[in-house]
Amino acid sequence: MQAFLTYSIYGTALFLMLLGLYAVLMKKNLIKIVIGLSVADSGLHLLFVAVGYINGGTAPIFSPAVAGTGTVMTDPVPQALVLTAIVIGFGVTAVALALVVRLYRKHNTTNIDEIKNLKW
């Protein structure tokens with residue numbers, strides 16, 4: 288049962304990354320492209336957290352009661368990296384959407400093909 292759960296999380300992460308990649312490569316609307324980047328980013332976060340999980344592990348809080356028991360603890364580094372990546376991803380998404388709004392105000396479109404045909 289545990290292996291099925293692990294592989295289903297890996298599959299979900301892969302699906303999210305592929306869905307985001309599809310949106311980035313195939314869509315012509317800039318807002319959909321930014322959403323696709325965010326979805327792919329979320330899939331990558333899910334994959335990192337799933338890889339860092341240890342079955343039966345506890346939180347890595349060291350105390351005198353836990354010191355000599357040989358308790359298995361999870362690795363906090365993937366969780367910290369994902370937390371940092373979420374904040375960075377939020378900032379990148381906000382800046383990308385701000386650029387899309389600027390392009391829309393200037394050209395009245397978010398379609399990539401129409402923006403490419405315009406002369407600066």
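Under the working numbering, the residue at position 53 of the sequence shown is numbered 340, and the numbers go up by one with no gaps.
By construction, the Cβ of each residue, glycine as well, lies at the ideal position given by its N, Cα and C atoms.
Within 10 Å of its beta-carbon, does residue i have 16 or more other beta-carbons around it, so buried, or fewer, so exposed?
| i | result |
| --- | --- |
| residue 310 | buried |
| residue 328 | buried |
| residue 374 | exposed |
| residue 300 | buried |
| residue 298 | exposed |
| residue 332 | buried |
| residue 317 | buried |
| residue 326 | buried |
| residue 303 | buried |
| residue 320 | buried |
| residue 330 | buried |
| residue 292 | exposed |
| residue 413 | Since the first residue of the chain shown is 288 and the last is 407, residue 413 is not available in this structure. |
Would you list the residues sitting across from residue i in a DSSP beta bridge?
| i | result |
| --- | --- |
| residue 360 | 345 |
| residue 395 | Note: residue 395 sits in no beta bridge, so no partner. |
If you run the structure through DSSP and keep just helix, strand and coil, what is residue i?
| i | result |
| --- | --- |
| residue 404 | helix |
Our contact map puts residue i next to residue j with C-beta atoms below 8 Å; I'd like the distance itself, whole angstroms only.
| i | j | result |
| --- | --- | --- |
| residue 337 | residue 361 | Rounded, the Cβ-Cβ distance is 12 Å, inconsistent with contact. |
| residue 343 | residue 364 | At roughly 19 Å, the Cβ-Cβ gap does not stay under 8 Å, so residue 343 and residue 364 are not in contact. |
| residue 397 | residue 382 | With 8 Å as the limit, residue 397 and residue 382 do not qualify as a contact, their Cβ atoms being about 16 Å apart. |
| residue 315 | residue 323 | So it is not a contact: roughly 12 Å between Cβ atoms. |
Does the beta carbon of residue i sit closer than 7 Å to a beta carbon anywhere in chain D?
| i | result |
| --- | --- |
| residue 308 | This model lacks chain D altogether, as it is built from one protein chain only. |
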